[in-house]
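Enquirer: Just so it is clear: in the sequence shown, position 74 is 73 by numbering that gives the first Met the number 0, and no numbers are missing. Just so you know, even glycine gets a beta-carbon here, dropped at the ideal spot from N, CA and C.
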Amino acid sequence: MRIGFFGDVVGRSGREGIARHLPGLKRRLALDFTVINAENAAGGFGISESTARELFDSGADCLTLGNHSWDQREALTYIVREPRLIRSLNYPRLSQAPGRGAGLYETDAGQRVLVVSLLGQRNMEPLLDDPFSAVDQELEACPLGHACDAVIVDMHADVTSEKMAMGHFCDGRASLVVGSHSHVPTADAQILNGGTAYQTDAGACADYDSVIGNDKEEPLRRFTTRIPSARHKPAEGPATVCGVYVETDPLTGLARRVEPIRIGGRLSQSIPQVEAALART
Ligand SMILES: [Fe+2]
Ligand SMILES: [Fe+2]
Numbered sequence: 000m001r002i003g004f005f006g007d008v009v010g011r012s013g014r015e016g017i018a019r020h021l022p023g024l025k026r027r028l029a030l031d032f033t034v035i036n037a038e039n040a041a042g043g044f045g046i047s048e049s050t051a052r053e054l055f056d057s058g059a060d061c062l063t064l065g066n067h068s069w070d071q072r073e074a075l076t077y078i079v080r081e082p083r084l085i086r087s088l089n090y091p092r093l094s095q096a097p098g099r100g101a102g103l104y105e106t107d108a109g110q111r112v113l114v115v116s117l118l119g120q121r122n123m124e125p126l127l128d129d130p131f132s133a134v135d136q137e138l139e140a141c142p143l144g145h146a147c148d149a150v151i152v153d154m155h156a157d158v159t160s161e162k163m164a165m166g167h168f169c170d171g172r173a174s175l176v177v178g179s180h181s182h183v184p185t186a187d188a189q190i191l192n193g194g195t196a197y198q199t200d201a202g203a204c205a206d207y208d209s210v211i212g213n214d215k216e217e218p219l220r221r222f223t224t225r226i227p228s229a230r231h232k233p234a235e236g237p238a239t240v241c242g243v244y245v246e247t248d249p250l251t252g253l254a255r256r257v258e259p260i261r262i263g264g265r266l267s268q269s270i271p272q273v274e275a276a277l278a279r280t
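1) Between Gly-65 and ligand 2, is the CB less than 7 Å from at least one heavy atom?
2) Between which two residues does the alpha helix (DSSP H) harbouring Val-292 extend?
3) I believe Ile-2 touches Phe-32 by the beta-carbon criterion, under 8 Å. Please report the beta-carbon distance rounded to the nearest angstrom.
4) If you drop the 5 nearest sequence neighbours on each side, which residues of the same chain put their C-beta closer than 7 Å to that of Gly-242?
5) So the beta strand (DSSP E) His-145 belongs to, where does it begin and stop?
6) Kindly indicate the opening and closing residues of the beta strand (DSSP E) around Ile-78.
7) Taking 7 Å as the cut-off, is the beta-carbon of Gly-128 closer than that to any non-hydrogen atom of ligand 1?
8) By how many angstroms is the C-alpha of Gly-10 removed from the C-alpha of Asp-187?
9) Judging by CA-CA distance, which residue of Asp-206, Arg-221, Val-177 is the nearest neighbour of Glu-287?
10) Kindly examine ligand 2 and report whether one of its heavy atoms sits closer than 7 Å to the Cβ of His-167.
11) In angstroms, rounded to a whole number, what distance separates the CA positions of Arg-14 and Thr-50?
12) How far does the beta strand (DSSP E) with Ser-179 in it extend, from its first residue to its last?
13) How is the alpha helix (DSSP H) around Gly-10 delimited, first residue to last?
14) Could you tell me which whole alpha helix (DSSP H) segments of length 4 or greater appear in the stretch 155–240?
15) Quick check: is any heavy atom of ligand 1 less than 7 Å from the C-beta of His-180?
16) In chain order, what residues of the same chain have a beta carbon less than 6 Å from the beta carbon of Pro-218, not counting five sequence neighbours either side?
17) Note down, one range per segment and in chain order, each beta strand (DSSP E) of at least 3 residues found wholly within the stretch 32–71.
18) Closer than 7 Å to a non-hydrogen atom of ligand 1 - does that hold for the CB of Asp-7?
19) Alpha carbon to alpha carbon, how far is Gly-16 from Lys-25? Give it in angstroms, no decimals.
20) The beta strand (DSSP E) with Arg-121 in it runs from where to where?
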């Protein structure tokens, strides 16, 4: 099975990058299932129904969120109606977060894919439940290679050690553990010892002539003067669409190959080569 995961889509630039590049990538890489982190899709802050629709129309099968999940109030009701949109799993029970933190989906070919969205605790909102205990329950309930053909874990976290620890914690039980939230792709794509594909951060789908996807002016002003003068707004140049490509074993659901994807915009390009016979024309 072939999986594509794409990191945080930032604003219009990110959405247009996805619209421009994802359909071609899906054909070229013969992707069976595509996940996109969409926590910054609506003007950099959260997700709205219309921005989610754009991403689904471009070919996303599932959208994940993060610490910006509820920046747009309509997401609180939209997520209840849209099972392809998931928020972080580890909100405390008493928060009564709407929607779900994990989803089991079926591809056109009948493969079952579990997607789990987690929020890290380090440098993040302090009141979240432990993401390790939360994911453990999901993985126990839906064992890879038995109850599903692939497991994708989006570890939305700030601290690289917490993401890497999550990779090892899920090793052998997930097809892919990939970080989001940093908005910068890391160069550590690998298959862990137990067979789980891992990359510390997928990177953002955003204009990289920016400060993590935002127009440079306001962040620079804040760093230099310490005085906030305006809202952060997404940079508007062409996006580099950043993500991870994974091939899994059909029997075990574990990874056989993992490669970074970077296409469009200004970052150095990285497009996995797949056998021509597989690519759908
Ligand atoms: Fe983000
Ligand atoms: Fe985030």
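Expert: A quick look at the data gives this:
1) yes
2) Residue coverage of the chain in this structure runs from 0 to 280, which leaves residue 292 outside it and unanswerable.
3) 5 Å
4) Gly-3, Phe-4, Phe-5, Gly-6, Ala-201, Ile-260
5) Careful: His-145 lies outside any beta strand (DSSP E) and carries neither H nor E.
6) For Ile-78, there is no enclosing beta strand (DSSP E); the enclosing alpha helix (DSSP H) covers residues 74–80.
7) At residue 128 the sequence reads Asp, which differs from the Gly that was named. It does not: the Cβ of Asp-128 is nowhere closer than 7 Å to a heavy atom of ligand 1.
8) Going by the C-alpha atoms only, they are around 26 Å apart.
9) No answer is possible for residue 287: the residues shown for the chain start at 0 and end at 280.
10) no
11) 8 Å
12) 175–179
13) That run of the alpha helix (DSSP H) goes 10–27.
14) If only complete runs of 4 or more residues are kept, the stretch 155–240 shows the alpha helix (DSSP H) at 159–169, 216–224, in order along the chain.
15) yes
16) Val-210
17) 32–36, 61–63
18) yes
19) 14 Å
20) Unbroken run through Arg-121: none, as it is neither H nor E.
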